[in-house]
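Enquirer: Residues 193 to 986, numbered by the working numbering, are exactly what the sequence shown covers, in order. Sharing a structure, written as structure tokens. Questions coming.
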Amino acid sequence: MKSFLNFRHRFKKKKNTDKSSVSHTDQSFKAVYKKYILDIAVLLGCAVLLTFFFPRGKSFQFSNLKEGSVYVGAEIIAPFTFPVNKNPEEYENDVKRARESVAPVFQRNDSIEEEQKQKLKTFVNHLSELLKFNEVKDQDFRLLFRDEGIIVSDDDIVSLLTGFSDKSGLDINNLPERFVSKRVEAFKSLSGTITSSIEEFYSTGILDKNKNEMSPSQTKITVRQNDQSSETMINLGSSEPFVEEDINYYFDKNEAYNTLLEKLRTNTSLDESQVKIAYQISAHFLVPNVLYDGQETESMIEVAVANVPLAKDQVLAGERIIDSHERITRQHIEKLTSLAQAKAELGETSGVWSRISPNIGKFFIILFTLSILVMLIWRDHRFIIMDRRKSLLVLIVILFLALLTFLINSFSLSPYLIPIPIAAIIVTIFFNTQLGFLVSITISLLVGAMRGDEFVITFISIFVCSIAVLAVSKVRTRNWVLRAFGYIAGSYIVSILMYDLVNYIPVSIIVQDIGFGVMNAFLSPVFAYGLIIVFEFAFDITTDMTLLELSDLNQPLLRQLAIQAPGTYHHSILVGTLAEAATESIGGNALLARVGAYYHDIGKMEKPEYFVENQTRGRNPQEKLAPSMSSLILSNHVKRGGEIARQYNLPKEVEAFIHEHHGTSLMSYFYQKALEQNTEENVAKEDFRYPGPRPKSRETAIMMCADVVEAASRTLKDPTPSRIKGLVEQIIDEKFKSGELDESPLTLKDLSKISEAFQKILIGIHHARVEYPSDKKENTEKKAEAANKQDRDK
193 MKSFLNFRHR FKKKKNTDKS SVSHTDQSFK AVYKKYILDI AVLLGCAVLL TFFFPRGKSF
253 QFSNLKEGSV YVGAEIIAPF TFPVNKNPEE YENDVKRARE SVAPVFQRND SIEEEQKQKL
313 KTFVNHLSEL LKFNEVKDQD FRLLFRDEGI IVSDDDIVSL LTGFSDKSGL DINNLPERFV
373 SKRVEAFKSL SGTITSSIEE FYSTGILDKN KNEMSPSQTK ITVRQNDQSS ETMINLGSSE
433 PFVEEDINYY FDKNEAYNTL LEKLRTNTSL DESQVKIAYQ ISAHFLVPNV LYDGQETESM
493 IEVAVANVPL AKDQVLAGER IIDSHERITR QHIEKLTSLA QAKAELGETS GVWSRISPNI
553 GKFFIILFTL SILVMLIWRD HRFIIMDRRK SLLVLIVILF LALLTFLINS FSLSPYLIPI
613 PIAAIIVTIF FNTQLGFLVS ITISLLVGAM RGDEFVITFI SIFVCSIAVL AVSKVRTRNW
673 VLRAFGYIAG SYIVSILMYD LVNYIPVSII VQDIGFGVMN AFLSPVFAYG LIIVFEFAFD
733 ITTDMTLLEL SDLNQPLLRQ LAIQAPGTYH HSILVGTLAE AATESIGGNA LLARVGAYYH
793 DIGKMEKPEY FVENQTRGRN PQEKLAPSMS SLILSNHVKR GGEIARQYNL PKEVEAFIHE
853 HHGTSLMSYF YQKALEQNTE ENVAKEDFRY PGPRPKSRET AIMMCADVVE AASRTLKDPT
913 PSRIKGLVEQ IIDEKFKSGE LDESPLTLKD LSKISEAFQK ILIGIHHARV EYPSDKKENT
973 EKKAEAANKQ DRDK
């Protein structure tokens, strides 16, 4: 009975423990779910958005076929009767011919003719009345012509007043009676010529649109009378009178003026002055009476274009389209493309599920591809997932390339113009080569799917992007754009050439594809360079290009450090050399380590004399201070350095070196000094530690070790390789044991490589110097002089 009770007690305890464990797991899952719910929603939203970038209403079953290659699949038989559609080029040519076949529509307006004739009649009557008066002044004639808007010269006025006779010796304002009747008769004859000329031109018709503004192929026009309606014009098959006339039958405005002048000059009854006046008056009243109807013309063009058939042939059910191992021709591709389109259209009209199922498939393809990328980033580059700015940058790059692919697909451009290398360049420069390669593979897969399962472009893009990643893996100079262009262009040429030759593609197509690839290779680095500048500013992420600018020793902050704290400046340069070599040995960002080392001690500019490397002639202000005050001054240079970094807008990645280069290390010298001076009181270690935090990256951890190693190496009296090795290993071992490297991702293998890199640099710095004969003589003289001085002192 007792044993049973004990078992029951243990069972209840175990049950409660299991419930507690399950409850804790549920709480942990809920916490993770709440933390990343926004990220999951963004991922799903991105997948949905990318689904709309896929071409809709199309099937891509045969989209990967190339003309000239060999079809190795099974025999394809038409499952049903379907039309063979024209290719885009053929259809556009037919549309162009249909547009040109429509004769421009003009409308004759008889009211214009009547109005102009009436105006001419009124003007002629007024002028005739003036000519009947003997004492009329030439000013009255000028006023009449000016009011009508007709430009005539003074000689023309005189000719009218004198009846086109010899005017020498005559007073034109007071002519004899015989001249008055003569000028009236002369103008009456001239006005009759003007009226008949205008009536002739109006009866033919004057166009308000110049013929040179129309297409040379348009030799016909359609003229509609005032009583004809739009419906009559559009209904081409009606019984209404509808005649297309030759455009050369009509005059345009320039032709009318030129023909008018020619006819007046050929009239033998008119002299030169009469021709001039008749032309000025006739041209003024000669205006177009056949007006272009643009709206009607466009309506007829739309009807003609709408009647252009999409199909050019038909495949019957059961007809063989292509056999296995048959060479693919243009006709095969056209028939198979039309079959794929017919299948897609048939699916869209079959039901709701048939319409939405392709989109569901596309959504899961995208979601599966993006999920694999997210899992790989979570495993190897978790810092990107933890920082939403960086994860958003990666997502924007993917969406941007998807949008470009969508646009290129929409305009039926070559797939080799899709600038996938832009993504490889941007992600590699912002992050690292591994992530650049992963994103390149993801985008290449998406592009292949968006091209209709055309995964040839996927394989070519992966190859090209891999080369692009290698080309920009180390950005140390601004000429990386040219280097990237050369690498990408070469990879496009090689990959396109291999694929096209294997598939028996014609040489002309190969040259065209290579041209598109080289164009892409030129544009991708240029656009990537511009986008990097924009993204750097928008997301506040530091790239190697920014670090290159900060590594310039002529930067104002570094120049100020060199002037105010020369010893610290020299120390920082040496630490940068050590950190760069060690970081490169383990595959880290060597440039970041070097730049961080340059700026890690800028806080010492405020009180440089309190730091030993800036002290001269053995004067040390620290000797007069209490240990606690000395520790405050030392720890304050970290705080002050952070303030200066923010003042000069240094990147956060560089500022991290300032805060983390000491971690939470103990200022052992001042701590021991405090213990010696306070034998009876307790001295807290925490008061003599740097504020931290501890290094969180490989680069800051390496810089911490390099900082201590460089300072300690100065104390070696005889820096032999063995002593340098012992010193380096001792310092790294102390940092490891003290826990200062616990928060950094460094491994023991990394520490071994770092130690070797430090030793190599320090041995080079402290190498033994060969003593030349002149140096020996100088040393001997110096030693003799020193001995004599000692004798004199004694």
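Quick reminder that beta carbons are idealized off the backbone N, C-alpha and C, glycines included. The structure presented is a predicted model; accordingly, all values stated were derived computationally and were not measured.
Bridge partners of Q487, per DSSP?
Expert: Per DSSP, none; premise fails for Q487.
Enquirer: Run through the region 830-913 for me and flag every whole alpha helix (DSSP H) of 4 or more residues, listed as ranges in chain order.
Expert: You should have 844-852, 860-869, 890-905.
Enquirer: Using only CA atoms, which one of D332, G341, E340, G931 lies nearest to I349?
Expert: Checked all of D332, G341, E340, G931; the closest Cα to I349 is D332.
Enquirer: Please work out which residues of its chain come closer than 8 Å, Cβ to Cβ, to F245, disregarding the five sequence neighbours upstream and downstream, and give them in chain order.
Expert: A594, L595, T597, F598, M642, listed in sequence order.
Enquirer: In terms of residues, what are the limits of the alpha helix (DSSP H) holding A270?
Expert: Unbroken run through A270: none, as it is neither H nor E.
Enquirer: For P937, count neighbouring Cβ atoms within 10 angstroms of its own Cβ and tell me buried if that reaches 16, exposed if not.
Expert: So P937 ends up on the exposed side.
Enquirer: Would you tell me roughly how many angstroms separate the C-alpha atoms of S823 and D572, rounded to the nearest one?
Expert: Computed Cα separation, rounded: 40 Å.
Enquirer: With burial defined as no fewer than 16 other Cβ atoms inside 10 Å of the residue's Cβ, what is the status of A876: buried or exposed?
Expert: By the neighbour-count rule (16 or more Cβ atoms within 10 Å), A876 is not buried but exposed.
Enquirer: Which residue or residues does DSSP assign as beta-bridge partners of F503?
Expert: Sequence check: residue 503 is Ala here, not Phe. Paired residues: N277.
Enquirer: Only counting the same chain, and skipping five residues up and downstream in sequence, which positions put a Cβ closer than 8 Å to that of I680?
Expert: These residues qualify, in order along the chain: P613, V656, I659, A660, A663, N712, A713, S716, P717.
Enquirer: Between F315 and E391, what straight-line distance do the alpha-carbon atoms span, to the nearest angstrom?
Expert: Straight-line Cα distance between these residues: approximately 16 Å.
Enquirer: Let me know the secondary structure DSSP gives Y263 once reduced to three states.
Expert: Strand at Y263.
Enquirer: Y696 and I652: beta carbons closer than 8 Å?
Expert: No, the pair does not count as a contact, with Cβ atoms beyond the cut-off.
Enquirer: Cα-Cα, which of I621, A532, T808, L627 is closest to T735?
Expert: T735 has its Cα closest to that of I621, out of I621, A532, T808, L627.
Enquirer: From F623, E284, F592, pick the residue whose C-alpha is nearest to that of C238; which is it?
Expert: The option with the nearest alpha carbon to C238 is F592.
Enquirer: For L399, which of helix, strand or coil comes out of DSSP?
Expert: Residue state, collapsed to three classes: strand.
Enquirer: Where T775 and L739 are concerned, what is the direct C-alpha to C-alpha distance, given to the nearest angstrom?
Expert: Approximately 15 Å, taken between the alpha carbons.
Enquirer: Determine, using beta-carbon pairs with one atom in the region 404-412 and one in the region 257-268, whether at least three such pairs fall under 8 Å.
Expert: The region 404-412 is not in contact with the region 257-268.
Enquirer: Hey, is the region 464-473 in contact with the region 371-385, meaning 3+ C-beta pairs nearer than 8 Å?
Expert: They touch, by the three-pair rule.
Enquirer: Pick out whichever of N874, M821, K844 has its Cα sitting closest to the Cα of M859.
Expert: The shortest Cα separation from M859 among N874, M821, K844 belongs to M821.
Enquirer: Which residues bound the beta strand (DSSP E) around R512?
Expert: Element bounds for R512: 512-514.
Enquirer: Who are the near neighbours of S604 in its chain, counting only those whose CB is closer than 7 Å to its CB and skipping five residues on each side?
Expert: Closer than 7 Å at the Cβ level, and outside the excluded window around S604, lie P280.
Enquirer: Do you know offhand how far L933's Cα is from R786's?
Expert: In a straight line, the C-alpha of L933 is about 19 Å away from that of R786.
Enquirer: Locate the alpha helix (DSSP H) running through R338, then write down its first and last residues.
Expert: It spans 330-340 - the alpha helix (DSSP H) in which R338 sits, taken as one unbroken run.
Enquirer: By Cβ distance, which residues of its chain are closer than 7 Å to A949, with the 5 residues on each side in sequence left out?
Expert: Closer than 7 Å at Cβ, skipping near neighbours: A773, A774, S777.
Enquirer: If I follow the unbroken alpha helix (DSSP H) through D438, where does it start and stop?
Expert: Here D438 belongs to no alpha helix (DSSP H); instead the beta strand (DSSP E) covers 436-438.
Enquirer: M895: buried (16+ other C-beta within 10 angstroms of its C-beta) or exposed?
Expert: Classification of M895: buried, given that the 10 Å Cβ count is 16 or more.
Enquirer: Please go through the same chain and pick out, in chain order, the residues whose beta-carbon is closer than 6 Å to the beta-carbon of S687, but skip the five residues on each side of it.
Expert: The residues are I652, F655.
Enquirer: Are the beta-carbon atoms belonging to L353 and D330 less than 8 Å from one another?
Expert: Yes.
Enquirer: DSSP three-state call for Q299: helix, strand or coil?
Expert: Looking at Q299 - three-state DSSP - the assignment turns out to be strand.
Enquirer: Report the rounded CA-to-CA distance for H792 versus K816, giving the unit in angstroms.
Expert: Those two C-alpha atoms are separated by around 27 Å.
Enquirer: Please state whether DSSP places R751 in a helix, a strand or coil.
Expert: Helix, per DSSP.
Enquirer: With N481 and G397 assumed to form a contact (beta carbons below 8 Å), what rounded beta-carbon distance in angstroms separates them?
Expert: Sure, about 6 Å apart at Cβ, within 8 Å.
Enquirer: For the alpha helix (DSSP H) that contains K455, what are its first and last residues?
Expert: Looking at the DSSP string, the run of the alpha helix (DSSP H) that includes K455 is 445-458.
Enquirer: On the CB-based measure, 16 or more other CB atoms within 10 Å of its CB, does V589 come out buried or exposed?
Expert: By the neighbour-count rule (16 or more Cβ atoms within 10 Å), V589 is buried.
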